[in-house]
Amino acid sequence: MKRQLYFFLFCKTVHATRSPCPHDAALLFVVLPYSASATAVAAAASTIGKHMSMAQYLVDSCGFDQENATKALKLLKGIQSRQQPDSVLAFLENLLGSKDALVKLFKSDHWFLGYSIKKKIQPNLELLREFEWSTWECHRHRGCSIALFVVHPKKFKMLMEMFRSFEWSEGDCVAAFQKSPNLPARSLKTLQRSMEFLINEVGFASSYVATRPVPLQMSFERRLIPRHRILAALKSRGHCESDYKVATYMRVSETKFVEKYIIVYKDRYPDLSELYATLKHTNASDSVFQ
1 MKRQLYFFLF CKTVHATRSP CPHDAALLFV VLPYSASATA VAAAASTIGK
51 HMSMAQYLVD SCGFDQENAT KALKLLKGIQ SRQQPDSVLA FLENLLGSKD
101 ALVKLFKSDH WFLGYSIKKK IQPNLELLRE FEWSTWECHR HRGCSIALFV
151 VHPKKFKMLM EMFRSFEWSE GDCVAAFQKS PNLPARSLKT LQRSMEFLIN
201 EVGFASSYVA TRPVPLQMSF ERRLIPRHRI LAALKSRGHC ESDYKVATYM
251 RVSETKFVEK YIIVYKDRYP DLSELYATLK HTNASDSVFQ
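Taking UniProt numbering, the leading residue of the sequence shown gets 1, the next gets one more, and so forth.
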């Protein structure tokens, strides 16, 4: 567990720079040391030979450029090399099709190496293919990457089946995950209730929600229901026609929403403030006991 955490921290450092920095190398070789074959060669070679092997490994497998790999050598003194889990890199290289693609993925979505191939990556990859997602689509979109590496396979299968029940196509899922990468992390119950609400009460088409999935990440009880009911009340009284858009009234901050849709109408409709407070309190209370 600690080993994965240390590697995750190392990867965050790599992600913050254009290319891996020399100071990252020491942590890299503690957590992800180079291969046993390189170890054998290094043990028999001189110190210079060992450093050259390490530098080349940094360049070939970890995305370092030659300059930074060379600078990193002095930071590797005293670090004992151990076996490198080549199977992880080999699996991902095979999935992506080339080492260049692997290095590119490592620099952009570095955190993936902290997850188990056997327990999460491979099972979810098989599920994606079962739902007719190509390998190219699996690693092209960041949202799909999160679904592939983070979500438990059983939950991901249930998630896909739930979206299919709303007649989402493969393209709809890709579009939704790309625009809202954290969507797979939401609970199935909450997502289903939000989908039903947006389609049945708000009146959105299922495909429309797929192209604008941000509301699915919002609180169902504390934001979706209260705000929609306020806008519905205003619309029934002949107001807010031009502002009746999710991007306008769902995404603004609480302060701006209250100012624009409640306070501005307080003289004509003093009941709105009490209605909004009641809706938020009632729905928040209901969510606690569900």
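C-beta atoms are modelled at their ideal positions from N, C-alpha and C, and glycine is treated no differently. Small disclaimer: the values here were computed from a predicted structure and weren't measured.
Kindly indicate which residue of the options has the alpha-carbon position closest to the one of residue i.
i	options	result
residue 155	175, 166, 189, 174	189
residue 226	152, 198, 275	275
residue 180	238, 268, 272, 212	212
residue 262	229, 198, 282, 202	229
residue 232	59, 272, 164	272
residue 182	200, 100, 217	217
residue 196	163, 280, 251	163
residue 222	56, 66, 251	251
residue 121	257, 153, 98	153
residue 257	157, 224, 201	224
residue 245	202, 267, 219	202
Look at the alpha carbon of residue i and the alpha carbon of residue j, and state the distance between them as a whole number of angstroms.
i	j	result
residue 151	residue 185	7 angstroms
residue 350	residue 249	Nothing about residue 350 can be reported from this structure: the residues present for the chain run from 1 to 290 only.
residue 255	residue 177	29 angstroms
residue 237	residue 126	52 angstroms
residue 173	residue 161	11 angstroms
residue 278	residue 118	49 angstroms
residue 253	residue 265	18 angstroms
residue 171	residue 207	10 angstroms
residue 24	residue 100	Since pLDDT at residue 24 reaches only 43, below the 50 mark, its modelled position is unreliable, and the value read off the structure follows with that caveat. Going from the Cα of residue 24 to the Cα of residue 100 covers about 20 angstroms.
residue 200	residue 194	10 angstroms
residue 169	residue 175	10 angstroms
residue 270	residue 260	14 angstroms
residue 159	residue 98	30 angstroms
Can you tell me whether residue i is helix, strand or coil according to DSSP?
i	result
residue 164	helix
residue 267	coil
residue 213	coil
residue 94	helix
residue 233	helix
residue 186	coil
Is residue i near the ligand FAD - that is, is its Cβ less than 7 angstroms away from at least one heavy atom of it?
i	result
residue 235	No copy of the ligand FAD appears in this structure; indeed no ligand is present at all.
Using a Cβ-Cβ cut-off of 6 angstroms (strictly less than) and excluding sequence neighbours within five positions of residue i, which residues of its own chain qualify?
i	result
residue 282	none
residue 167	206
Can you give me the Cβ contacts of residue i inside the same chain, cut-off strictly under 7 angstroms, excluding the 5 residues immediately before and after it?
i	result
residue 198	204, 209, 215
residue 66	59
residue 280	222, 226
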